[in-house]
Amino acid sequence: MPLQLLSQRLEKIHHDGLYRSLRSVERTTSQVCVEGRQALLFCSNNYLGLAEHPALAQAAADAAVQYGTSSAASRLVSGNQPLHQELEDKLAAWKGTEAALLFNSGYAANTGIIAALAGRGDIIFSDRLNHASIIDGALLSGARLIRYPHNDIQALARLLEQHQADGLRLIVTDGVFSMDGDIAPLKAIADLAEQHQTLLMVDDAHAGGVLGQQGRGTVDFCGVAGRVDIQMGTFGKALGSFGAYAACSRLVRDYLINRSRSLIFSTSLPPAVLAASSAAVDLVRCKEGQQLRQQLADNGTLLRSLLQQAGCKVPDGCTPIVPVMVGDAETTTRFSARLLEEGVFVQGIRPPTVPKGTSRLRCTVMASHSPEQIRQAAAAIVRVGRELGVL
Ligand SMILES: Cc1ncc(COP(=O)(O)O)c(C=O)c1O
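In this note's numbering, the protein residues as written are 20 to 410.
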């Protein structure tokens, strides 16, 4: 009976055009094999190509040989190894913060940080388009959740005036919005946070390594260094590894070590992952990182302009995320499937990941794409878009 219920629910997901399934993709290079078919990869977050960089692979291999394959405990038991602390010191130096604290993934970081910082009697102000892990963290916290309209500073100011709390208040926003590629107005948000004595947290999953001096992210890019209480960042995107961190004060780090359940009750990151992440931070800070960022920016500009010139609904922007707005979920699925037949792999993004009626192809560029590959992908998107009546 319960299984029958699940089957009916799955049927409804199918019926609504929202069915999801896993596809096997061999690697993260610009040309990949997707279920036996060669295709150009235009939906990976391997923005700088570091997931295939020999320096990261070598560091991971060396660490596995030297230290083994697992930390085999949470950090508060026996899983706090020298590599954890070394990477945290390196992160704090890169981000220009007093301290940093590692988490096992961006999802674990957001749920663990937000639910630790806020609880009953507190209020969380969250941008309406924030990542699902932020929403889950807020729901888990038991604090009151107030979602403000996307990047709407006037609305946020009004809500902060209206809703006072007995406890603390926290504003949380993506730095770069994962499905739209736009950037939060962090200067205005930091002004409001200071004016209203509110904690401020920025999720920089898509900006670390990509934006700002030495790839420090949106806090540097928007000129608000020292004004953001918690910068969450991830290693699984531009940094080509896995895991996440909070860059913050010593006080916040100490508090999170004592209260964050995703840190306390989970085995810590293994040596190979820590070593790859450490090599990635070195890379994004050096000249090679700067060159890769320039290449990435040029590639983003090329794809965006080719699609816009052909009449695609593509918002302006300066990040590697280039959404092609479609609207309807089913058409988006067909668009993505047809593109794969044409040798271009781009995922369609549908509700609940994005609001209803705003389904889209979430195209992403990487530094490793050649201009020719970008032209090929843009031409295929335009051709299939016309065929489906979307353009
Ligand atoms: C904005 C944002 N925050 C957090 C996450 C979660 O990070 P992770 O994949 O490391 O769990 C993602 C994507 O995965 C994201 O796009």
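Every residue gets a Cβ at the ideal spot worked out from N, C-alpha and C, and that includes glycine.
If you're wondering where the values come from, they're calculated on a predicted model, not measured in any experiment.
Proximity of the beta carbon of Y38 to ligand 1 is not indicated: no heavy atom of the ligand is located closer than 7 Å. In this structure, the straight-line span from the alpha carbon of S378 to that of A82 is close to 42 Å. At a Cβ-Cβ threshold of 8 Å, Y264 and L121 count as neighbours. Counting the other Cβ atoms within 10 Å of the Cβ of D335 gives fewer than 16, which makes it exposed. One thing to note: I153 has its Cβ within 8 Å of the Cβ of N129.
With respect to L326, V345 sits apart: the two C-beta atoms are not nearer than 8 Å. Less than 8 Å divides the Cβ of A295 from the Cβ of A79. Minimum Cα-Cα distance from G98 among the listed residues R405, A157, S285 and S40 corresponds to S285. Taking 7 Å as the cut-off, one finds no heavy atom of ligand 1 near enough to the beta carbon of N318. It is roughly 7 Å from the alpha-carbon of E71 to the alpha-carbon of T47. For R394, the enclosing alpha helix (DSSP H) starts and ends at P390 to E406. Contact between L407 and R369 is ruled out by a C-beta separation of about 15 Å, above the 8 Å threshold. Look at V333 here: in three-state DSSP terms it is coil, with no helix or strand label.
The beta carbon of N65 is closer than 7 Å to those of T47, G259 and M385 in its chain, skipping five residues each way along the sequence. The alpha helix (DSSP H) runs lying completely inside the segment 68–150 and spanning 4 residues or more are 73–86, 101–114 and 125–136, given in chain order.
In this structure, the alpha-carbon of E213 lies about 23 Å from that of S160. Each residue's CA atom was taken as its position, placing L380 and G367 some 5 Å apart.
DSSP places P290 within a helical segment (H, G or I) once states are collapsed to three. Taken from the Cβ of A224, at least one heavy atom of ligand 1 lies inside 7 Å.
Assigned with DSSP and collapsed to three states, F240 falls in helix. Per the DSSP secondary-structure output, S378 pairs in a beta bridge with G346.
Going by C-alpha positions, Q50 is about 14 Å away from E360. A distance criterion of 7 Å places the beta-carbon of A263 in contact range of ligand 1, judged by its closest non-hydrogen atom. CA-to-CA, the gap between Q57 and Y126 works out to about 31 Å.
Residue ranges of uninterrupted beta strand (DSSP E) with 3 or more members, entirely inside the segment 246–272 and ordered along the chain, are 249–253 and 263–267.
For A386, there is no enclosing alpha helix (DSSP H), since its DSSP letter is neither H nor E. In this structure, F61 sits near C382, with a CB-CB distance shorter than 8 Å. As computed with DSSP, Y167 is found in a beta bridge with D146. With a cutoff of 7 Å, D301 does not count as near ligand 1, since its C-beta is closer than that to no heavy atom of the ligand. Taking a C-beta distance under 8 Å as the contact criterion, L302 and A74 qualify as a contact pair.
Collapsing the DSSP output to three states places A212 in a helix.
From the listed residues R278, S297 and M198, the smallest Cα separation to L148 is found for M198.
Ligand 1 approaches H150 closely enough that one of its heavy atoms is under 7 Å from the residue's Cβ. Contact between the segment 188–204 and the segment 227–243 is established, with three or more Cβ pairs separated by less than 8 Å. Between the C-alpha atoms of L179 and Q104 there is a straight-line separation of about 37 Å.
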